[in-house]
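Chemist: Numbering (our numbering), first residue to last: 906 to 1093.
Now the structure itself:
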């Protein structure tokens, strides 16, 4: 967005596929340039650049000025919380192992393992993957069955809370049984 000092917006333009735009035929004066929308997967810059165009003589047709914005790539961690399917309580046992894969290419992004609090946190993963990511449990904690259902997550600017995306994955506990057979004399 380009606007004169102490004034309303003069023009809004999008950059081309190379990230370039040209604004021409500006009158002499002071102007401010501010990015209002960042490319997908990047953080919006809060930088405001000011320019002043002054008279440079009758034979100067235009005054070239350029600027660039460097946008920080958006990233977020994925926080996986292991829960018991029957009780809904957090399974506070270390050892549940999960693979995080790109859902389009199936590329392994990272393998994470829960700690003694039943929580696993990934490293910072890129925003903007069009297909998102798939989380699959590959090893259950002691006493639990592997959850065979993959969980899909899409990391976007809107889904990132507190620096991570929170995902709950539940397992069913392994149930055993005990059969008691009484032998001997029956008392009456």
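By construction, the Cβ of each residue, glycine as well, lies at the ideal position given by its N, Cα and C atoms.
Is the separation between the beta-carbon of residue 935 and that of residue 957 shorter than 8 Å?
Modeler: Their beta carbons are under 8 Å apart, which means residue 935 touches residue 957 by this criterion.
Chemist: Could you spell out the range, first to last residue, of the beta strand (DSSP E) harbouring residue 982?
Modeler: Note, residue 982: beta strand (DSSP E), 980 to 989.
Chemist: Is the stretch 1072 to 1087 touching the stretch 1014 to 1032, taking contact as three or more C-beta pairs under 8 Å?
Modeler: Short answer: they don't touch.
Chemist: May I ask you to report which of helix, strand or coil DSSP gives residue 948?
Modeler: Residue state, collapsed to three classes: coil.
Chemist: Whole angstroms are fine: how far does the CA of residue 921 sit from the CA of residue 1005?
Modeler: Computed Cα separation, rounded: 34 Å.
Chemist: Just to check my reading of the structure: residue 1057 and residue 983 have Cβ atoms closer than 8 Å, yes? What is that Cβ distance to the nearest angstrom?
Modeler: With a Cβ gap of about 12 Å, residue 1057 and residue 983 do not count as contacting.
Chemist: Residue 1075 and residue 1002 look like a contact to me (Cβ under 8 Å); what is the Cβ gap, rounded to whole Å?
Modeler: That pair is no contact at about 16 Å.
Chemist: If I measure Cβ to Cβ from residue 1036 and keep anything under 6 Å in the same chain, skipping five residues before and after, which residues do I get?
Modeler: Closer than 6 Å at the Cβ level, and outside the excluded window around residue 1036, lie 1008, 1009.
Chemist: Looking at the structure shown, is residue 1047 part of a helix, part of a strand, or coil, going by DSSP?
Modeler: In the structure shown, residue 1047 sits in coil (DSSP, three-state: anything other than H, G, I, E or B).
Chemist: Given residue 959, which residues of its chain have a CB within under 7 Å of its CB, disregarding the five upstream and five downstream residues?
Modeler: Excluding positions up to five away in sequence, the list reads 933.
Chemist: Considering just the uninterrupted stretch of the beta strand (DSSP E) at residue 1007, what are its terminal residues?
Modeler: Unbroken beta strand (DSSP E) run through residue 1007: 1002 to 1007.
Chemist: DSSP three-state call for residue 957: helix, strand or coil?
Modeler: It is a strand residue.
Chemist: Only counting the same chain, and skipping five residues up and downstream in sequence, which positions put a Cβ closer than 6 Å to that of residue 943?
Modeler: Around residue 943: 949, 976.
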